[in-house]
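Enquirer:
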Amino acid sequence: MIKVTLKGGDIREFETGTSAESVAKSLGAGLYKAACAVKINGELSDIRTALDSDCELEILTFESEEGRRAFNHTASHILAQAVKRLYPDVKLTIGPAIENGFYYDFDTEKPFTPDVLEKIEGEMKKIVKENLTLERFELSPDEAIKLMKEKDEPYKVELINTHASKGENISFYKQSEFTELCAGPHIPNTGRVKAFKLTQCTGAYWHGDSKNKMLQRVYGIAFPKASELEEYLKIMEEAKKRDHRKIGRDLDLFDIYPEGPGFPFFLPKGMVLRNLLEDFWRSEHAKRGYQEIRTPMILSEELWHRSGHWDHYNENMYFTKIDDADFAIKPMNCPGGMLVFKRKMHSYKDLPVRMAELGLVHRHELSGTLHGLMRVRCFTQDDAHIFMTPEQIESEIIGVIDLIDYFYSIFGFEYFVELSTRPENSMGSDEQWNMATDALKSALTHKGMEYKINEGDGAFYGPKIDFHLKDCIGRTWQCGTIQLDFQMPERFELEYTGADGEKHRPVMIHRVVFGSIERFIGILTEQYAGAFPAWLAPVQVTVLPISERHADYAADVLAKLKSAGIRAELDARNEKIGYRIREAQMQKVPFMLVMGDKEKETGTVAVRERSDGDKGTMNVEAFLDMIKEKVDSKSQQ
RNA sequence: GCUGGUGUGGCUCAGUCGGUAGAGCAGCUGAUUCGUAAUCAGCAGGUCAGCGGUUCAAAUCCGCUCACCAGCUCCA
1367 MIKVTLKGGD IREFETGTSA ESVAKSLGAG LYKAACAVKI NGELSDIRTA
1417 LDSDCELEIL TFESEEGRRA FNHTASHILA QAVKRLYPDV KLTIGPAIEN
1467 GFYYDFDTEK PFTPDVLEKI EGEMKKIVKE NLTLERFELS PDEAIKLMKE
1517 KDEPYKVELI NTHASKGENI SFYKQSEFTE LCAGPHIPNT GRVKAFKLTQ
1567 CTGAYWHGDS KNKMLQRVYG IAFPKASELE EYLKIMEEAK KRDHRKIGRD
1617 LDLFDIYPEG PGFPFFLPKG MVLRNLLEDF WRSEHAKRGY QEIRTPMILS
1667 EELWHRSGHW DHYNENMYFT KIDDADFAIK PMNCPGGMLV FKRKMHSYKD
1717 LPVRMAELGL VHRHELSGTL HGLMRVRCFT QDDAHIFMTP EQIESEIIGV
1767 IDLIDYFYSI FGFEYFVELS TRPENSMGSD EQWNMATDAL KSALTHKGME
1817 YKINEGDGAF YGPKIDFHLK DCIGRTWQCG TIQLDFQMPE RFELEYTGAD
1867 GEKHRPVMIH RVVFGSIERF IGILTEQYAG AFPAWLAPVQ VTVLPISERH
1917 ADYAADVLAK LKSAGIRAEL DARNEKIGYR IREAQMQKVP FMLVMGDKEK
1967 ETGTVAVRER SDGDKGTMNV EAFLDMIKEK VDSKSQQ
């Protein structure tokens, strides 16, 4: 007999060799049916795994991330099997589960098109109906390579070869005629993948490297129930309505024209929003000891050779050769900041120097990467460069983390953090890199923050912490970043005089909070679906007289609002009140003030809140107090 | 840049087998002076992304270019 400790702490006894599946069955038919995978002593495994000693057992259903992954991963095997049945010459590569669904990359001569996808879906349905059992087996690396060579799957052979050095056996999953190299776990049979959809087909490079061959990637999503699939598709459809590109046009905030791909235009209302963000940014930075500078948009190309950027970035980054004079339009602000720091002698007593710049940069991004305001060719970084002594590194990093966290909390954003370590072809010594990376880690630990590590993804001059935000359909965009840099002070020969009277080299931080004002406005627009809270709304109040004879009173109210600093507009058009309310609602104006005979007589206004409908009448002063309170508190409503 | 898809008035879309472009909203004009998400009528608006080709005839078929969408690579 063995003792199995269940998730709640419950301990039960079973025959030695009982499968995890049987344990689930003993706990209830519902759980047994829903189980997708298990964790045995914390290790992921198939639900059919036999338990041969005392263990902790966690049963993972579709509701858990790992259970969902096992489920989706099985769907990706079904996809690959269907493709092999229809197109035997296609070569298999990899097909993992992802956060939402799964994908599979195929090497095929003829690219997949949407009609091919339909055909594949049809074949997948057959495989589900056949209810094939997935059987796990292991082979030694040599046997595994032999098997995949027989099956003429060169990518699989490559994968096994890279894995072979570990000396472990290679695991496979077999479902009928289809055998797939795979670590698992999987759900036990194909019949449970009741509801799935292939959502798109695109190109993707082998090993994610654009130098390699482009494969055909098919994305899909799978659920145990048809209703869940429908629900998911509906939610995605709804989410797409929050797209900032559409809202930006509909609400006259910003737009991009074919005449300037990647070069956004800010319209009057978009400028109001932008200026509010910049004002907020300025005042918060002033409070924290930042000084603001502005450096030129065009500088000598030589500057970027000196900084090292030129050699380390794709040439696509630069707009250059202005009038043959060897100037470049700046793609980043740091070299300008260096020059400012360098113009004077600095004492250790001056440090840290925190120099901020809302810097407009241009980058020649590849056409296929452009995306509304999220990825543009011309954007404003809310940049700052902090010059400091080595002893100040950690406290400065913590200060920036606090600032970013404060900003994001104001907007109600959930963010996640990545730490990127030393890339290849980077400058500097191991010692410096280790010290810099440790300083970043230590600051994150100090703040109790969870983070993901991206090996080799740092800047060429130092490691970095990135803060990512999600857009309306769950894509993530890097916004805030904190980059530690020992190299640039070296290259620009920056110095300060220490207490010992000797010259020392400062360390610097490059950091942004918004990331770029443009991207941040894009995220913000999707976050609020265009319904900005009162403190950010380009128009806060629309004044609506019922008919012509209330126009004078409405004009008085408008004047009062405006002199109180409220962004108000009058809509006295000869239209029914319902019509004008509808327009104000669609323009996402937070407050509408309706006034007719009753209000005119009593000197009041009838308040309608965008989110909450008719709020009844109150006098103008009471309304002003209410809206001012919301604005001052930066309420998210 | 790469792979696939898309491109019809300001917006959302229809347009059959190739036969020469249509609606709603928005706009303008007039009437209506109205109480919390669309008053009625009329008018105007299109080189069907651009260029080239096939054809008696192209929004429709083919090619190239541009832009956009999704993803990949890159990145704030």
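The working numbering applies: residue 1367 is where the first sequence begins, and numbers increase by one. Every residue, glycine too, gets a C-beta built ideally from N, C-alpha and C. Treat the numbers as computed from the prediction; the structure is a model and nothing was measured.
With a Cβ-Cβ cutoff of 8 Å, do valine 1907 and leucine 1959 count as a contact?
Expert: Contact: yes.
Enquirer: Whose C-beta lies closer than 6 Å to the C-beta of lysine 1467 among residues of the same chain, with five residues either side of it excluded?
Expert: This sequence places glycine at residue 1467; lysine is not what is there. Excluding sequence neighbours, glycine 1467 sits near Asn1438, Gly1586 and Ile1587.
Enquirer: Between alanine 1802 and the rest of its own chain, which residues show a CB-CB distance below 7 Å, the 5 nearest in sequence each way excluded?
Expert: Excluding sequence neighbours, alanine 1802 sits near Gly1828, Pro1829, Leu1850 and Phe1852.
Enquirer: Run the CB neighbour count on histidine 1751, radius 10 Å, all protein chains shown included, and call it buried at 16 or more, exposed below.
Expert: It counts as buried.
Enquirer: If we call anything under 8 Å between Cβ atoms a contact, is threonine 1556 one with isoleucine 1444?
Expert: Contact flag set, yes.
Enquirer: Would you mind sorting phenylalanine 1707 into buried or exposed? The rule is 16 or more other CB atoms within 10 Å of its CB.
Expert: So phenylalanine 1707 counts as buried.
Enquirer: Residue range of the alpha helix (DSSP H) that glycine 1888 falls in?
Expert: Segment 1883 to 1893, the alpha helix (DSSP H) holding glycine 1888.
Enquirer: According to DSSP, which residues form a beta bridge with histidine 1834?
Expert: Answer is Phe1782 and Gln1844.
Enquirer: Under DSSP, the alpha helix (DSSP H) around phenylalanine 1707 begins and ends at which residues?
Expert: First-last of the alpha helix (DSSP H) with phenylalanine 1707: 1700 to 1708.
Enquirer: For the beta strand (DSSP E) that contains histidine 1916, what are its first and last residues?
Expert: Per DSSP, histidine 1916 belongs to no beta strand (DSSP E) and is neither H nor E.
Enquirer: Put threonine 1803 into one of helix, strand or coil per three-state DSSP.
Expert: Helix, per DSSP.
Enquirer: I'd like the span of the alpha helix (DSSP H) that includes valine 1986, first residue to last.
Expert: Element bounds for valine 1986: 1986 to 1998.
Enquirer: Throw me the rounded Cβ distance for the aspartate 1823 and serine 1786 pair, which I believe falls under 8 Å.
Expert: At roughly 4 Å, the Cβ-Cβ gap stays under 8 Å, so aspartate 1823 and serine 1786 are in contact.
Enquirer: Out of Glu1543, Arg1378, Phe1745 and Gln1951, point me to the one whose CA is closest to proline 1454's CA.
Expert: For the residues Glu1543, Arg1378, Phe1745 and Gln1951, the minimum Cα distance to proline 1454 belongs to Glu1543.
Enquirer: Could you give the DSSP three-state label for leucine 1736: helix, strand or coil?
Expert: In the structure shown, leucine 1736 sits in coil (DSSP, three-state: anything other than H, G, I, E or B).
Enquirer: Sorry if obvious, but does the Cβ on glutamine 1582 come closer than 7 Å to a heavy atom of the ligand NAP?
Expert: Absence of the ligand NAP from the depicted structure is noted, as is the absence of any ligand whatsoever, leaving it without description.
Enquirer: Look at alanine 1920 and valine 1909 and say whether their C-beta atoms are less than 8 Å apart.
Expert: In this structure, valine 1909 lies closer than 8 Å to alanine 1920 by Cβ.
Enquirer: Leaving out five residues on either side along the sequence, give the residues of the same chain with a beta carbon under 8 Å from the beta carbon of alanine 1930.
Expert: Excluding sequence neighbours, alanine 1930 sits near Leu1990 and Lys1994.
Enquirer: Which two residues bound the contiguous beta strand (DSSP E) that contains alanine 1320?
Expert: What the structure shows of the chain is the stretch from 1367 to 2003, and residue 1320 is not part of that stretch, so it cannot be assessed.
Enquirer: Kindly give me the distance between the Cβ atoms of leucine 1458 and glutamate 1524, rounded to whole angstroms, as I take these residues to be in contact under 8 Å.
Expert: Leucine 1458 to glutamate 1524, Cβ: 11 Å. No contact.
Enquirer: Since alanine 1950 is in the alpha helix (DSSP H), which residue starts that stretch and which ends it?
Expert: Per DSSP, alanine 1950 belongs to the alpha helix (DSSP H) from 1943 to 1952.
Enquirer: According to DSSP, is glycine 1822 helix, strand or coil?
Expert: Looking at glycine 1822 - three-state DSSP - the assignment turns out to be coil, as it is neither helix nor strand.
Enquirer: Are at least three pairs of beta-carbons, each pair with one atom in the segment 1613 to 1632 and one in the segment 1890 to 1899, less than 8 Å apart?
Expert: Taking 8 Å as the limit for Cβ pairs, the verdict is that the segment 1890 to 1899 does touch the segment 1613 to 1632.
Enquirer: Among all the DSSP beta bridges, which residues are the ones paired with proline 1911?
Expert: Answer by DSSP bridge pairing, in chain order: Met1961.
Enquirer: Comparing C-alpha positions only, which one of Gln1747, Asp1837 and Phe1753 sits nearest to threonine 1847?
Expert: Of Gln1747, Asp1837 and Phe1753, the residue nearest in Cα terms is Gln1747.
Enquirer: I believe alanine 1441 touches isoleucine 1486 by the beta-carbon criterion, under 8 Å. Please report the beta-carbon distance rounded to the nearest angstrom.
Expert: Rounded, the Cβ-Cβ distance is 12 Å, inconsistent with contact.
Enquirer: Return the first residue and the last residue of the alpha helix (DSSP H) that arginine 1672 is part of.
Expert: Residues 1668 to 1673.
Enquirer: Could you say which of Leu1417, Gly1394, Lys1399 and Lys1373 lies nearest to methionine 1367 if we only look at CA atoms?
Expert: Checked all of Leu1417, Gly1394, Lys1399 and Lys1373; the closest Cα to methionine 1367 is Leu1417.
Enquirer: Who pairs with aspartate 1473 in a beta bridge, going by DSSP?
Expert: Partner(s): Lys1457.
Enquirer: Reducing DSSP to helix, strand and coil, say where isoleucine 1486 ends up.
Expert: In this structure, isoleucine 1486 counts as helix in the three-state DSSP scheme.
Enquirer: Does the beta-carbon of arginine 1841 have 16 or more other beta-carbons within 10 angstroms, so that it is buried, or is it exposed?
Expert: Under this definition arginine 1841 is an exposed residue.
Enquirer: Does leucine 1732 pass the burial test, meaning 16 or more other C-beta atoms within 10 Å, or should it be called exposed?
Expert: Answer is exposed; the Cβ neighbour count stays below 16.
Enquirer: What number of angstroms, rounded off, separates the C-alpha of serine 1675 from the C-alpha of lysine 1696?
Expert: It should be pointed out that residue 1675 corresponds to histidine in this sequence rather than to serine. Distance between the alpha carbons of histidine 1675 and lysine 1696 is about 11 Å.
Enquirer: If you measure between the beta carbons of lysine 1981 and phenylalanine 1898, is that distance less than 8 Å?
Expert: Cβ atoms of lysine 1981 and phenylalanine 1898: not closer than 8 Å.
Enquirer: Along the chain, where does the beta strand (DSSP E) that runs through serine 1411 open and close?
Expert: Residues 1409 to 1411.
Enquirer: On the DSSP letters alone, give me the boundaries of the beta strand (DSSP E) that methionine 1854 sits inside.
Expert: Not the beta strand (DSSP E): methionine 1854 falls in the alpha helix (DSSP H), residues 1853 to 1857.
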